[in-house]
Amino acid sequence: MTAGKKSGLSKFLKILGPGLITSALVLGPGSITLSSKIGAIYGAQLVWTLVAAVILMACYTEMSARIGIAGKESFISLVNQKWGKPAGVFIGIGAFLVCASFQAGNAIGTGIAIEAVTGLDAKVWIVVGTLLAIALLFSSQFYHVLEKLMLVLVMIMLLAFLITVIVIKPSVTNIFSGFIPQFPDGSMGLVVALFATSFSIVGALYQSYLVREKGVVREEAKTSMMESLFGIFLLGFISFLIMITAATVLKAEGIVVNNAVEMAEILRPSFGGFAVFVFVLGLFGASYSSLVGNATIGGGLLADGMGLGHKLSSMKVKIAIIAVMVFGSAVALIFNGNPVNLITFAQGITIFVVPFIAVAILVIANTREVMGDLKNGIFSNALGIIGLIVLLYLAINNFKTIFLS
Numbered sequence: 001m002t003a004g005k006k007s008g009l010s011k012f013l014k015i016l017g018p019g020l021i022t023s024a025l026v027l028g029p030g031s032i033t034l035s036s037k038i039g040a041i042y043g044a045q046l047v048w049t050l051v052a053a054v055i056l057m058a059c060y061t062e063m064s065a066r067i068g069i070a071g072k073e074s075f076i077s078l079v080n081q082k083w084g085k086p087a088g089v090f091i092g093i094g095a096f097l098v099c100a101s102f103q104a105g106n107a108i109g110t111g112i113a114i115e116a117v118t119g120l121d122a123k124v125w126i127v128v129g130t131l132l133a134i135a136l137l138f139s140s141q142f143y144h145v146l147e148k149l150m151l152v153l154v155m156i157m158l159l160a161f162l163i164t165v166i167v168i169k170p171s172v173t174n175i176f177s178g179f180i181p182q183f184p185d186g187s188m189g190l191v192v193a194l195f196a197t198s199f200s201i202v203g204a205l206y207q208s209y210l211v212r213e214k215g216v217v218r219e220e221a222k223t224s225m226m227e228s229l230f231g232i233f234l235l236g237f238i239s240f241l242i243m244i245t246a247a248t249v250l251k252a253e254g255i256v257v258n259n260a261v262e263m264a265e266i267l268r269p270s271f272g273g274f275a276v277f278v279f280v281l282g283l284f285g286a287s288y289s290s291l292v293g294n295a296t297i298g299g300g301l302l303a304d305g306m307g308l309g310h311k312l313s314s315m316k317v318k319i320a321i322i323a324v325m326v327f328g329s330a331v332a333l334i335f336n337g338n339p340v341n342l343i344t345f346a347q348g349i350t351i352f353v354v355p356f357i358a359v360a361i362l363v364i365a366n367t368r369e370v371m372g373d374l375k376n377g378i379f380s381n382a383l384g385i386i387g388l389i390v391l392l393y394l395a396i397n398n399f400k401t402i403f404l405s
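If you read the sequence shown in full-length UniProt numbering, its first letter stands for residue 1, the second for the next number, and so on.
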């Protein structure tokens with residue numbers, strides 16, 4: 001290996017972290033269940049939609065990373081300068097409510113994953129997992145601990161689901177057929193859900209905060225952008241592995257799963273206990289990474305939106321993060337899941353918050369006074385506009401579902 005290649009690799013490894021955190025927190029138990037369900041019903045036919053969602057997610061994540069590197073202040077501070085403090089408060093409260101509303105699913109996913117292995121009630125593990133996550137907040141360098149934890153959990157997910165695919169030996173021909181755009185009958189609802197879970201604009205936004213926590217400087221911008229894209233590629237690849245597993249194991253039998261543990265148990269008769277253990281290990285990685293990461297986003301953006309700061313070392317930020325964790329765990333323990341009204345409430349919030357965040361990212365990424373030479377180019381703007389159109393469609397679809405159906 002040449003000195004140049006070694007230097008490039010060492011620079012990449014030094015920057016590695018923010019993109020992995022984003023991929024880990026976006027890929028939660030809901031994503032696993034959805035990918036499993038799509039694979040079970042439509043086989044590999046909708047793989048192309050996953051690719052499209054990941055491309056749009058990568059576009060906004062990379063944009064957000066550049067904002068974090070170029071901006072002298074946090075994203076919400078930049079929003080405040082453009083549109084006034086109410087705009088920042090709106091983003092902060094909106095992100096907090098959305099993250100808090102979906103936190104219960106992450107807590108439950110963590111609990112049932114460990115229950116499947118140990119046999120001990122999931123509620124015990126929900127409490128234990130939440131307490132451990134809160135303890136992590138009070139480590140001397142929380143960001144660095146978060147980064148290492150997410151790296152481990154992403155590697156667990158990647159290896160677990162990759163081993164599962166190797167064990168089940170899917171048809172390569174069927175896999176490649178899924179890259180041809182098509183809409184099977186009745187698939188639109190699941191396509192919309194897939195975009196909503198894989199193209200997380202709130203997760204993309206927080207990339208700007210993560211690169212600032214990492215301490216990435218302008219000279220490292222190109223490497224940081226590559227790291228962001230690498231993290232989102234992993235997000236898509238892991239979802240792809242899950243979808244292919246379901247397409248191979250479930251579709252031929254006509255079985256549809258309602259959660260990821262059901263998917264794991266269906267592997268047992270044909271592939272044995274090892275396959276079940278490995279798949280459940282992947283579920284744990286997805287659930288716990290989202291439990292910690294989702295709360296970090298919700299609490300961090302709330303604190304910044306309310307003018308309390310955004311540094312993860314700040315006690316005010318830690319308290320806001322704990323509020324998300326405790327709320328999610330309490331809902332999980334009391335209701336054994338996300339109540340329908342809570343999910344509807346979260347969807348209602350996203351109708352207004354998500355498109356506004358996307359517009360804000362696009363506008364700031366095109367502001368030369370902030371971005372300088374890191375300002376958006378034609379390609380980023382073209383993809384960004386396509387992404388915004390998709391998000392507006394999702395918002396309109398949610399509006400119809402909640403208020404008109």
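The beta-carbon is built from N, C-alpha and C at its ideal position, and this holds for glycine as well.
- For K214, same chain residues with a beta-carbon under 6 Å away, outside a window of 5 residues either side, are G17 and P18 in chain order.
- Assignment of H144 by DSSP, reduced to helix, strand and coil, places it in the helix class.
- For Q81, the uninterrupted alpha helix (DSSP H) run begins and ends at F75 to W83, by DSSP.
- Of the residues assessed, D185 falls on the exposed side of the cut-off, its CB having fewer than 16 other CB atoms within 10 angstroms.
- Per the C-alpha coordinates, the member of G88, T344 and T130 positioned closest to S329 is T130.
- It is roughly 37 Å from the alpha-carbon of S270 to the alpha-carbon of S101.
- Linking F195 to L394 through their CA atoms gives a straight-line distance of about 8 Å.
- Between the alpha carbons of I386 and V124 lies a gap of roughly 44 Å.
- By the Cβ neighbour-count rule, I38 is buried, with 16 or more other Cβ atoms within 10 Å of its own.
- One Cα belongs to L291, the other to A323, and the distance between them is close to 12 Å.
- If you compare the alpha carbons of L78, T61, V165 and F142 with that of A275, the shortest gap goes to V165.
- Of all alpha-carbon atoms in I67, V89 and R368, the one lying nearest the alpha-carbon of V217 is that of I67.
- Put simply, the stretch 251–263 does not touch the stretch 55–70. Fewer than three CB pairs are less than 8 Å apart.
- Runs of the alpha helix (DSSP H) lying entirely within the stretch 304–359 and spanning at least 4 residues, in chain order: 315–335.
- Assignment of T367 by DSSP, reduced to helix, strand and coil, places it in the coil class.
- M243 is not a Cβ neighbour of Q103, given a cutoff of 8 Å.
- Only buried fits K318, as 16 or more other CB atoms lie within 10 angstroms of its CB.
- Closest by C-alpha distance to I126, out of S139, L250, G119 and G109, is G109.
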